[in-house]
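Reading the sequence shown from the start, the letters are residues -27 to -1, 1 to 247 in mature numbering (1 follows the signal peptide of the UniProt record, and there is no 0). Yeah, the Cβ is synthetic: ideal placement off N, Cα and C, and Gly gets one too. Since the structure is predicted, the reported quantities are computational estimates derived from the model, not experimental observations. Reviewing the structure listed below.
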Amino acid sequence: MIRTALAAALSAVAASVVAVTGAPAHAAPLGDTARAVELPGRLTAADAYAATRPGHTGIVVIDRVTGATYADRNADTPVWTASTIKLAIATDLLNRARSGAITLSPANRADMHAMLNSSDDEATDRLWFAFAGPDHQTFNRDFRAFGMTSLAPQRGFTEFYPYWGFQKDTPRDLARLVDYVLTRTAPTDRAYLIGEMRGVAPDQQWGIKSLPANLAPGNKNGWSDEQGGSVMNSIRFAGDNQRFVVAIMNNLAGQGGQAQGKVTVSQVARDLLG
């Protein structure tokens, strides 16, 4: 439903539940302290803004210092992942290569860079069909270890199943994916992925540019026109030592287009951490 009045949007926000979990682990880094303290209020403001925009938006923020997770009412609503899943593909390939299960050739690594930097779909296809296994299930099985427990490949859109381009997942799962990258990957692989997310191509930077440069943000965006309407998604980190993880998924649900979704996601990011 499109909210047509700010009062209705605020009423909806008041009815929503903002979940907060976790407990302090150690002292907050200087410079991020104020943002951390303000996160509950910032999430409420971001959710109120999103409620005035086309479609529905799911938001999750993880504070990696305190261990707290902040989630809006749509945090567990599945949305088409679009290209955000490419971060999971790269993470799995690096894990498997490090364990010796696969060997990544220079061409494979060039495709992985293209997949992350410019979100190259053809490069992603080559990696998917080379490493998804005979039943195409290897990636999806591995993704569960990243916290993507709600990931659901969708049938009926391609002769291959599962296929990276037709999957749905929740903002909560995608936040857990970024947290996995930052906490559980090997240091060299982690540094590579952080560098790729910070250095995405200009047409992929609309998420990064919505946050102050001193937060050293990085992101993997995903957008597409899907059955049921456009989706605009962004998963990212920001802050000292990548303190904050953010997942924003905007399902426009036929109520608007990609340009409107880009505005929504960018403003939500600013409301959260700007």
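How is residue i classed by DSSP in three states: helix, strand or coil?
i	result
P126	strand
V10	helix
S207	strand
F217	strand
M222	strand
P(-4)	With a pLDDT of 40 at P(-4), under the threshold of 50, the modelled position of that residue is not reliable, and the figure given next carries that caveat. Reduced to three states, the DSSP call for P(-4) is coil.
Q240	helix
V154	helix
S56	helix
T76	coil
W179	coil
T111	helix
M121	coil
T97	helix
P160	helix
T131	coil
G247	coil
L3	Low confidence applies to L3: its pLDDT is 36, below 50, so where it sits in the model is not reliable, and the reading given next is rough at best. Three-state DSSP puts L3 in coil, outside helix and strand.
D65	helix
N47	coil
residue 277	Missing from the structure shown is residue 277; the chain here goes from -27 to 247 and no further.
G234	helix
Comparing C-alpha positions only, which one of the options sits nearest to residue i?
i	options	result
M88	A55, N113 and G106	A55
R157	M205, Q178, A23 and R37	R37
V218	Q228, K193 and S197	K193
L166	V33, D65 and G28	D65
T76	G14, A96 and A103	A103
L147	T17, D20 and I35	I35
P107	T122, Y136, N187 and N90	Y136
G28	R117, Q228 and A7	Q228
T39	D45, L12, T97 and S197	L12
K141	A41, T25, I58 and A18	I58
R99	N90, A83 and N113	A83
A61	A226, G212, G195 and L245	G195
P144	N90, D244, D49 and A164	D49
Y153	A96, L67, A232 and L16	L67
A63	G138, I32, T97 and Y43	T97
L245	R15, G172 and R69	R15
Who are residue i's beta bridge partners in DSSP?
i	result
Q140	P126
H29	N224
K193	I208
G202	E199
Taking just the CA atoms, how far does residue j sit from residue i?
i	j	result
A242	G191	12 Å
V52	Q215	25 Å
residue 249	A105	It is not possible to answer for residue 249, since the shown part of the chain is limited to -27 through 247.
Q110	E199	22 Å
T131	D115	21 Å
D176	L150	23 Å
T30	L184	18 Å
M222	D162	26 Å
A(-5)	R71	Any reading at A(-5) must be qualified, since the residue scores a pLDDT of 35, below 50, and its modelled position is unreliable; the value itself is stated next. The alpha-carbon atoms of A(-5) and R71 are separated by roughly 33 Å.
M170	K182	13 Å
residue 262	P126	With the chain represented from -27 up to 247, any question about residue 262 goes unanswered, as that position is not in the structure.
A220	S92	18 Å
T122	S78	30 Å
W179	A74	36 Å
N90	A21	32 Å
W101	A118	18 Å
T25	A226	14 Å
Do the region 202 to 214 and the region 229 to 246 touch if we need at least three Cβ pairs shorter than 8 Å? Short answer: they touch.
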